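In what follows, a single structure is set out as structure tokens and then discussed.
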Amino acid sequence: MALNIVLIEPEIPNNTGNIGRLALATGSRLHLVKPFGFEIDDKRLKRAGLDYWQHLEVIYYDNVDTFFKINHNKNMAFLSSHGTKHHWAIDFEDDMFLVFGKESVGLSKEITEKHADQLFKIPMYSDNIRSLNLANAVSIIVYEGLRQLNH
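At position 3 of the sequence shown (counting the first as 1) the number is 3 in UniProt numbering, and the numbers step up by one without a gap.
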């Protein structure tokens with residue numbers, strides 16, 4: 001059983017490193033879509049991922065179009081603060097792709113409009129916050145998926 005964590009154009013190396021650790025801990029694959037806001041050998045990425053990075057299954061894509069061309073037939077859920085359905089409504093399946101946008105702006109309007117029926121959000125119960133930290137959001141979704149798949 002594996003889930004696929006997809007980060008489209010991640011900007012913060014510490015988040016990506018922490019998500020890499022999460023991927024390894026949960027048996028998930030990490031898909032990184034360029035351009036990145038950092039160099040892949042950034043010491044902050046390595047520090048956050050510690051010495052686990054070499055054990056992690058990471059798949060790199062040159063751009064978002066290449067990612068969708070290669071994975072067009074995969075079951076995907078897209079996570080965005082603009083989603084209209086809560087993440088509890090995701091029907092998780094083995095090998096599912098969980099797609100997250102970059103830290104500053106999330107998923108592009110083009111992606112959210114094209115995949116509106118697969119667009120989910122994590123509920124937030126305060127009007128004083130616009131989004132969660134990316135690494136925290138990925139953790140919430142991945143562990144909810146594992147809970148459902150192992151239930």
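Don't be surprised by glycine CBs; every beta carbon is placed ideally from N, CA and C. The structure displayed is predicted, hence computed values, not measured ones.
{"Item": "Report the partner residues of Ile141 according to the DSSP bridge assignment.", "Value": "Paired residues: none, contrary to the question."}
{"Item": "For Lys74, does the count of other Cβ atoms within 10 angstroms reach 16, so buried, or fall short, so exposed?", "Value": "exposed"}
{"Item": "How about Leu98 and Leu24: are their beta carbons less than 9 Å apart?", "Value": "no"}
{"Item": "What are the uninterrupted segments assigned as beta strand (DSSP E) that are 3 or more residues long and contained completely in the UniProt domain \"tRNA/rRNA methyltransferase SpoU type\" (3 to 143), given in chain order?", "Value": "4 to 8, 29 to 33, 58 to 61, 76 to 79, 97 to 100 and 119 to 121"}
{"Item": "Going by other Cβ atoms of all chains shown within 10 Å of its Cβ, with 16 needed for buried, is Ile12 buried or exposed?", "Value": "buried"}
{"Item": "Which same chain residues end up closer than 6 Å to Gly106 when comparing Cβ atoms and leaving out the 5 residues on each side of it in sequence?", "Value": "Ser80"}
{"Item": "Let me know if Ser28 comes out buried or exposed under the rule of 16 or more other beta-carbons within 10 Å of its beta-carbon.", "Value": "buried"}
{"Item": "Between Gly101 and Ile8, how many whole angstroms is the CB-CB distance? I'm expecting something under 8 Å.", "Value": "5 Å"}
{"Item": "Assign Lys121 to one of two classes, buried (16 or more other C-beta atoms within 10 Å of its C-beta) or exposed (fewer than that).", "Value": "buried"}
{"Item": "Would you report the Cα separation of Gly20 and Asp51, rounded to the nearest angstrom?", "Value": "11 Å"}
{"Item": "Pull up the distance between the alpha-carbon of Thr84 and that of Ile90, whole angstroms please.", "Value": "12 Å"}
{"Item": "What do you reckon, are the CB atoms on His82 and Pro123 nearer than 9 Å?", "Value": "no"}
{"Item": "When you compare only the Cα positions, how much space is there between Lys34 and Tyr61?", "Value": "6 Å"}
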